[in-house]
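Novice: In full-length UniProt numbering, the protein residues as written are 1 to 622.
#1: Return the CA-CA distance between residue 358 and residue 271, expressed in angstroms with no decimal places.
#2: Do residue 180 and residue 165 come within 7 angstroms of each other at the CB atom, strictly closer than that value?
#3: Verify whether the separation of the beta carbon atoms of residue 307 and residue 277 is less than 7 angstroms.
#4: Can you round the beta-carbon distance between residue 103 and residue 440 to whole angstroms, since I take them to be within the 8 angstroms contact cut?
#5: Look at the alpha carbon of residue 438 and the alpha carbon of residue 421, and state the distance between them as a whole number of angstroms.
#6: Considering only the alpha carbon of each residue, which of 114, 23, 450 lies closest to residue 139?
#7: Find out if the Cβ-Cβ distance for the pair residue 46, residue 8 is shorter than 7 angstroms.
#8: Would you tell me roughly how many angstroms separate the C-alpha atoms of residue 537 and residue 36, rounded to the nearest one?
#9: In terms of residue numbering, what span does the alpha helix (DSSP H) encompassing residue 548 cover?
#10: Can you give the Cα-Cα distance for residue 124 and residue 133, rounded to whole angstroms?
#11: Looking at residue 559 and residue 534, is the spacing between their C-beta atoms short of 7 angstroms?
#12: With H, G and I counted as helix, E and B as strand and the rest as coil, what does DSSP make of residue 28?
#13: Which of the three DSSP states is assigned to residue 308 in this structure?
#14: Report the three-state DSSP secondary structure of residue 173 (helix, strand or coil).
#15: Could you tell me the alpha carbon to alpha carbon distance between residue 122 and residue 3, rounded to whole angstroms?
#16: Have a look at residue 489 and residue 450 and give me their C-alpha separation to the nearest angstrom.
#17: Just to confirm the assignment, what range does the beta strand (DSSP E) spanning residue 252 have?
#18: Please name the residue in 200, 20, 601 whose C-alpha comes closest to that of residue 182.
#19: Sorted by chain position, which residues of the same chain lie with C-beta nearer than 6 angstroms to residue 1's C-beta, five sequence neighbours on each side aside?
#20: Quick one: what's got a C-beta closer than 6 angstroms to residue 527's C-beta in the same chain, skipping five residues either side?
#21: Between the alpha carbons of residue 244 and residue 217, how many angstroms are there, rounded?
#22: The beta strand (DSSP E) that contains residue 73, what's its start and end?
#23: Can you name the residues that DSSP bridges to residue 229?
#24: Let me confirm a value: residue 106 is counted as buried when at least 16 other C-beta atoms fall within 10 Å, else exposed. Which label applies?
#25: Please report the Cβ distance between residue 499 and residue 466, rounded to the nearest whole angstrom; I am assuming they are in contact, meaning their Cβ atoms lie under 8 angstroms.
#26: Helix or strand or just coil, what does DSSP make of residue 1?
#27: Could you give the residue range of the beta strand (DSSP E) that holds residue 44?
#28: What are the start and end residues of the beta strand (DSSP E) that includes residue 122?
#29: Hey, could you find the ends of the alpha helix (DSSP H) residue 427 is sitting in?
#30: If you draw a straight line from the C-alpha of residue 394 to the C-alpha of residue 10, how long is it?
#31: Less than 7 angstroms between the beta carbons of residue 492 and residue 483, yes or no?
#32: To the nearest angstrom, report how far apart residue 228 and residue 273 are at their CA atoms.
#33: Can you tell which of 110, 127, 29 has its C-alpha closest to the C-alpha of residue 83?
#34: Closest Cβ-Cβ distance between residue 474 and chain C: below 7 angstroms?
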């Protein structure tokens, strides 16, 4: 998409970064912020959610559309969740640790904390909150970050509760897990100062670095999400939700610019053609004897085929507006929101078992000519009628250009329609949580990750590469803590960033290792109870049986430190077994025998001691 001149198109973009905080407890209760497997749930319940009016008596359009899809929401509860997540108990006061972390983040972006933080309710009826709303509070405003293409303003920082985790679709609706609901989350919104895809990526990377600098944010897939707001001069503001990977942001922006530019061209072409959208019609009779599996399946179940004539749309419905996505895909997305599997349209027919004769009969039935197109939906009658109405509405919007809407990010860098843009009517005060007055004077400013890299090199004598791995890695807070407790920095860094990676590649389940496991291993090494060479074996043993402590695992695996006499005995045995090689090669035999000695000792001895004794024994016999 590099052929676009972003200045000429008037590209304007902004970011909303959502980052989970690594606090001990959730935002409005004392439940832990740990995720669980659905199989561990102890009970389940169902809810139906409906939109409510704001204090001004208005209903948010996004919530209203969501409510038109009749769905049952099922929730999985655990022994680590409580009645607050189930909306059967009022929320507790705002979590102090989460507020302090939010203020640290605000400092890093030169933001101004509010005098009083008031919790608000934001209407959400997609089932991701049992209450039908998300609790959110403004913490700070008016900051900025620097990029190579200029300053990007930071408009606001909000502290919010994370939504429930979507588990799967059910026959009646959606199943959610309550383990994630209520985890503290910061939302950072930039000003619309971004003017290129590259700047969008750079700004997101900068914000991500500042967040990780606190050492108090969760790491891993799903713990950070980016929303991107994009518009061009002749287009419209589109909010793209759920960009999981930072690396996708520039592609998302490029593809959205291309989509809007193509929709503008389609608008102009349809205007020249004097195009219009006709009335929805039932065309079931046309397909009574069809061989199309999709249509026949719907009709055999008592369903219908509905159609809408699109006058002047011939060749336009099938036009690509983003990679592998067409205007017809947009119509289909709207139809799917109402339960249909999608649409067929005459730009792609005959196909899917629909014959050329059926296409001709369809055109005759709705009264269109060769310059026109037809879209159809085959489904249960109620679904077919609602879905074709939605497709017709989207086709009518194409006559106007680019619709304002919320879209979801796809893995390939494209997007799909989700719902209309939310409005101000979705926010109203939360009366169950008292306001708080943030005090930034008590919050120290965190050290930037870039500064940590330099310090690790200067203070701990780490190489530049290892220092950067540790500073930017998820174990950075643990590294800082164990080094402060006297653990050798090189051992800690290499273990956390190299040894664990190597074990993972060897299919060792390192995800089972807890902070307590790692601290225990380091403590044994520092006390001399475990040679550095035994660290990988002990970590492997703990990962495979995580219910044990480091000391217990070391005892069972025989990984405790061997004394000098035991080490010398093992070395002598290896040398005597290879006496002929030693007599012939002398000290040149050292490398091969060193590996054999370490293997014989199975991580029970320090390599320096083994090396010293092996050299002595070789010299005696050479």
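All C-beta atoms in this analysis are idealised placements derived from N, C-alpha and C, irrespective of residue type, glycine included.
Here the structure is a predicted model, which means the values were calculated and not measured.
Specialist: So, to answer that:
#1: 29 angstroms
#2: yes
#3: no
#4: 5 angstroms
#5: 31 angstroms
#6: 114
#7: no
#8: 28 angstroms
#9: No alpha helix (DSSP H) holds residue 548; DSSP gives it neither H nor E.
#10: 5 angstroms
#11: yes
#12: coil
#13: strand
#14: strand
#15: 40 angstroms
#16: 18 angstroms
#17: Per DSSP, residue 252 belongs to no beta strand (DSSP E); it is in the alpha helix (DSSP H), 249-273.
#18: 20
#19: In this predicted model, residue 1 has a pLDDT of only 42, less than 50, meaning its place in the structure is not dependable; the value taken from the coordinates is given anyway. Same-chain partners within the cutoff: 254, 258.
#20: none
#21: 16 angstroms
#22: 72-77
#23: 14, 239
#24: buried
#25: So it is not a contact: roughly 12 angstroms between Cβ atoms.
#26: Only weak support exists for where residue 1 lies, its pLDDT of 42 falling under 50; the value from the coordinates is given anyway. Residue 1: coil per DSSP, three-state reduction.
#27: 43-47
#28: 119-123
#29: Here residue 427 belongs to no alpha helix (DSSP H); instead the beta strand (DSSP E) covers 427-429.
#30: 25 angstroms
#31: yes
#32: 34 angstroms
#33: 29
#34: Looking for chain C here will not work: only one protein chain is present.
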